[in-house]
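Visitor:
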């Protein structure tokens, strides 16, 4: 009898133990680690969260006893989580916040993170033990609580972190934010102990960025900056393999995965205190950041990818062997919606170029916006679209969606096309001819086929065209487009091709970014075709003697051969220039352009246009 009792007691104990284990699986998973500090390593938290999500998504709800309503609710919640885990990788802020809330619950309820042990994860109450990255993430969180989207901008400008730096052994300056800068800001900003809720949110962000986010640049990418890049400096890991140095050297030299740079207000700034931690982590970020809308697989044979994130940011990723190390570039285009044109063009007498741009667009002039990378071409193009007649339909061709004009002008008739792996830019432009587009906008004229079609389109297919180009001067712009026409064999004669370009492209708005990061319109230049039909000199007809006739005939022949061989087919005229921080008038807009612009203006607009001309260039014009 006693034996039976003992057996029953033993079986009951086993069943109870199994029940307790199943109901407290996650809570007890790390019970053995109560005295083991490894439990509170960030990587341990990441693995636990990853396993928790896998368990949630793999759980068979049909085996659980619940009502139909409960079942459908659980299924909906799980599907929502699955979608959020997928979309957060694409830069979806809402999905990111959804996943972070889940992580928060897991750490609180299952991992048992509390006020007593959270400092074991990140030593918040011991500033001396905090790394520069820890302090930066704490600072960014505190600034974000106060300033939201503008947190990083506020931190940089408030502490003058974007000032130029010059080392003793360097001749030129650079832009860099160092660990010492972060230490100084931290001492100034963090005067009191951080509350548990804030600590928890910081830990959650750290776990998220290592699990589904973009590592150390995750929160930075969401800030109001122009762009961020990684892997673009330091020594690639392959270099150490090539020269046979020991990996111990990696601890003494900056590596590619130690590279984080931001593009902020025209300045490229190195965040030297941040690192991805390993080549593997940098590769993980590169492999995830370009995947929005399934653009294809990045591989050794397809070693670069140009795509976008869900918020419209442009993403470029490259990998070996095409690139010496894994790199990514994120360029944001969110300044135009938040800024008026007066804020973009803000030097003295800024109404002069603003009004000039207004009348160029209203007057349907084919206008190029030129300048180097980062000079603000795309942002300006996005802003001046507002001057286009609202009755006109707009058709946009881009390499990747950057302009997002339908977000800015949702009530306009706008359709954007982009290149894909199977559809070239040329094919996209060909398709546009079959739509009802009035105005064509090209995000960038970067290839010969696109340039060639743009010139042809400007002749017959659209009312006018706006485009961007990287030309340094107006002459370079014309010659580059001319060479594109020759390259595509649309024309075989240089002068004819050059004249076609000069006849189509009317104005060049050139942007400049100086060494301090300041952006401005350096000049607005008109391209004026020269009249080839001018009469040849015939003074020889009026010569009184043979010697005079021969001299005059020589001049006629000389003019003929110049026109045939070396005659200029266009001239450039600066209309507005930037000098010493102020916009000034230069040459006058040609009579030809004024007449053609007036054809697209109503009577009231003509009067306003003429008033603009007289007010800035005097009464030199005859209307």
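Numbering (our numbering), first residue to last: 70 to 692.
For every residue, glycine included, the Cβ atom is placed at its ideal position computed from N, Cα and C.
As the structure is a prediction and not an experimental result, all values here were calculated from the model.
Does residue 268 come out as helix, strand or coil in the three-state DSSP assignment?
Guide: Here the question's residue 268 lines up with position 199 in the chain shown. Residue 268: helix per DSSP, three-state reduction.
Visitor: I need the straight-line Cα distance from residue 288 to residue 184, nearest angstrom please.
Guide: For this step, residue 288 is matched to residue 219 along the chain shown. For this step, residue 184 is matched to residue 115 along the chain shown. Taking the straight line joining both Cα atoms gives about 24 Å.
Visitor: To the nearest angstrom, report how far apart residue 525 and residue 506 are at their CA atoms.
Guide: The residue given as residue 525 occupies position 456 in the chain shown. The residue given as residue 506 occupies position 437 in the chain shown. If you take the alpha carbons of residue 525 and residue 506, they lie about 15 Å apart.
Visitor: Take residue 673 and list the residues in its own chain whose beta-carbon comes closer than 6 Å to its own, dropping the five residues that flank it on each side.
Guide: Residue 673 sits at position 604 when you count from the first residue of the chain shown. Taken in chain order, the list of residues that qualify is empty.
Visitor: How would you label residue 365, buried or exposed, when you count the other beta carbons within 10 angstroms and need 16 or more for buried?
Guide: Reading the chain shown from its first residue, position 296 is the one you call residue 365. The residue is exposed, with fewer than 16 neighbouring Cβ atoms inside 10 Å.
Visitor: Go ahead and pull the three-state DSSP assignment for residue 437.
Guide: On the chain shown, position 368 is the one that residue 437 refers to. Three-state DSSP puts residue 437 in a strand.
Visitor: Please list the segments of the beta strand (DSSP E) lying wholly inside the stretch 384 to 418, counting only runs of 3 or more residues, in order along the chain.
Guide: The qualifying runs are 396 to 400.
Visitor: Can you tell me the Cα-Cα spacing of residue 221 and residue 452, whole angstroms?
Guide: Start at 1 with the first residue of the chain shown, and residue 221 comes out as number 152. Start at 1 with the first residue of the chain shown, and residue 452 comes out as number 383. Residue 221 and residue 452: Cα-Cα distance of roughly 25 Å.
Visitor: So, with DSSP's three-state summary, where would you put residue 336?
Guide: Within the chain shown, the letter at position 267 stands for residue 336. In the structure shown, residue 336 sits in a strand (DSSP, three-state: E or B).
Visitor: When the Cα atoms are used, what is the spatial distance from residue 414 to residue 543?
Guide: What you label residue 414 is simply residue 345 of the chain shown in a count that begins at 1. What you label residue 543 is simply residue 474 of the chain shown in a count that begins at 1. Using only the alpha carbons, I get a separation of about 21 Å.
Visitor: Is the distance from the Cβ of residue 386 to the Cβ of residue 397 below 7 Å?
Guide: By 1-based counting over the chain shown, the position of residue 386 is 317. By 1-based counting over the chain shown, the position of residue 397 is 328. Cβ atoms of residue 386 and residue 397: closer than 7 Å.
Visitor: With 7 Å as the threshold, decide whether the Cβ of residue 526 is near any Cβ in chain C.
Guide: Of the protein chains in the structure, only one exists, and it is not chain C.
Visitor: Taking 7 Å as the cut-off, decide whether the C-beta atoms of residue 371 and residue 359 are in contact.
Guide: Position 302 of the chain shown, counting from 1, holds the residue named residue 371. Position 290 of the chain shown, counting from 1, holds the residue named residue 359. The answer is no: Cβ separation not under 7 Å.
Visitor: On the three-state DSSP scale, how would you describe residue 533?
Guide: In the chain shown, residue 533 corresponds to position 464, counting from 1. Strand.
Visitor: I'd like to know whether the C-beta atoms of residue 435 and residue 534 end up nearer to each other than 7 Å.
Guide: Residue numbering aside, residue 435 sits at position 366 when the chain shown is read from its first letter. Residue numbering aside, residue 534 sits at position 465 when the chain shown is read from its first letter. Yes; because the gap between Cβ atoms is below 7 Å, this pair is in contact.
Visitor: Go to residue 146, then tell me how far its alpha helix (DSSP H) extends in each direction, as first and last residue.
Guide: Translated into the one-based positions of the chain shown, residue 146 becomes position 77. Start and end: 137 to 156.
Visitor: Applying the criterion that 16 or more other CB atoms from any shown protein chain within 10 Å of the CB defines a buried residue, is residue 580 buried or exposed?
Guide: What you label residue 580 is simply residue 511 of the chain shown in a count that begins at 1. Its Cβ being crowded by 16 or more others within 10 Å, residue 580 is buried.
Visitor: Is the stretch 147 to 159 touching the stretch 264 to 282 in the sense that three or more CB pairs, one from each, lie closer than 8 Å?
Guide: With the cut-off at 8 Å, the stretch 264 to 282 and the stretch 147 to 159 touch.
Visitor: Measure the C-alpha to C-alpha separation of residue 460 and residue 573 and round it to an integer number of angstroms.
Guide: Here residue 460 is taken as the residue at index 391 of the chain shown, counted from 1. Here residue 573 is taken as the residue at index 504 of the chain shown, counted from 1. Each residue's alpha carbon lies about 23 Å from the other.
Visitor: Rounded to the nearest angstrom, what separates residue 208 and residue 257 at their Cα positions?
Guide: Within the chain shown, numbered from 1, the residue matching residue 208 stands at position 139. Within the chain shown, numbered from 1, the residue matching residue 257 stands at position 188. Residue 208 and residue 257: Cα-Cα distance of roughly 10 Å.
Visitor: When the Cα of residue 324 is compared with those of 333, 349, 594, which residue comes out closest?
Guide: Residue numbering aside, residue 324 sits at position 255 when the chain shown is read from its first letter. The shortest C-alpha separation from residue 324 is found at 349.
Visitor: Does the Cβ of residue 94 have 16 or more other Cβ atoms within 10 Å, making it buried, or fewer, making it exposed?
Guide: Taking the first residue of the chain shown as position 1, residue 94 is located at position 25. Residue confidence is low: residue 94 scores 43 on pLDDT, short of 50, so the model does not pin down where it sits. Its coordinate-derived value is still stated next. So residue 94 ends up on the exposed side.
Visitor: Taking the straight line between their C-alpha atoms, what separation do you get for residue 701 and residue 121?
Guide: This structure cannot speak to residue 701, because the chain is shown only from 70 to 692.
Visitor: Name, in chain order, the residues that DSSP records as bridge partners for residue 420.
Guide: By 1-based counting over the chain shown, the position of residue 420 is 351. Looking at the DSSP assignment, residue 420 forms no beta bridge with any residue, so it has no partner.
Visitor: Can you name the start and end residues of the alpha helix (DSSP H) that residue 223 belongs to?
Guide: Translated into the one-based positions of the chain shown, residue 223 becomes position 154. Segment 220 to 227, the alpha helix (DSSP H) holding residue 223.
Visitor: Using alpha carbons as the reference points, say which of 194, 666, 429, 600 lies closest to residue 264.
Guide: Taking the first residue of the chain shown as position 1, residue 264 is located at position 195. Measuring from the Cα of residue 264, the nearest candidate turns out to be 194.
Visitor: Can you name, in chain order, every residue of its own chain whose Cβ lies under 6 Å from the Cβ of residue 484, other than the five neighbours on each side?
Guide: For the purposes of this step, residue 484 is taken as residue 415 along the chain shown, with counting starting at 1. Contacts found: 464.
Visitor: Leaving aside the five residues before and after residue 102 along the sequence, list all residues of the same chain whose C-beta is less than 7 Å from its C-beta, in chain order.
Guide: Counted from its first residue, the chain shown places residue 102 at position 33. Note that residue 102 has pLDDT 40, beneath the 50 cutoff, so the model's placement of it is unreliable and the number below is only indicative. So the list reads 108, once near-sequence residues are dropped.
Visitor: Can you say whether residue 584 is buried or exposed, counting buried as having 16 or more other CB atoms within 10 angstroms of its CB?
Guide: As a first step, residue 584 is located in the chain shown; it is residue number 515 there, counting from the start. When all chains shown are included, residue 584 counts as exposed.
Visitor: In the DSSP output, what is residue 377 paired with across the bridge?
Guide: As a position in the chain shown, residue 377 is number 308, starting the count at 1. In the DSSP output, where bridge partners are listed per residue, residue 377 has 383.
Visitor: On the three-state DSSP scale, how would you describe residue 261?
Guide: Residue numbering aside, residue 261 sits at position 192 when the chain shown is read from its first letter. It is coil, neither helix nor strand.
Visitor: Do residue 476 and residue 456 have their C-beta atoms closer together than 7 Å?
Guide: Residue numbering aside, residue 476 sits at position 407 when the chain shown is read from its first letter. Residue numbering aside, residue 456 sits at position 387 when the chain shown is read from its first letter. No, these two residues do not count as a Cβ contact at 7 Å.
Visitor: For the structure I just gave you, are there three or more beta carbon pairs, one from the stretch 640 to 647 and one from the stretch 592 to 600, closer than 8 Å?
Guide: With a cut-off of 8 Å, the stretch 592 to 600 and the stretch 640 to 647 count as touching, because enough Cβ pairs lie within range.
Visitor: Grouping DSSP H, G and I as helix and E and B as strand, with all else coil, what is residue 685?
Guide: Here residue 685 corresponds to residue number 616 of the chain shown, with the count starting at 1. Helix, per DSSP.
Visitor: Have a look at 335, 322, 355 and flag the residue whose alpha-carbon is nearest the alpha-carbon of residue 341.
Guide: The sequence position of residue 341 within the chain shown is 272, counting from 1. Nearest C-alpha to residue 341: 322.
Visitor: In the DSSP assignment, find the unbroken alpha helix (DSSP H) run with residue 662 in it and report its ends.
Guide: Locating residue 662 in the chain shown gives position 593, where the first residue counts as 1. Segment 660 to 667, the alpha helix (DSSP H) holding residue 662.
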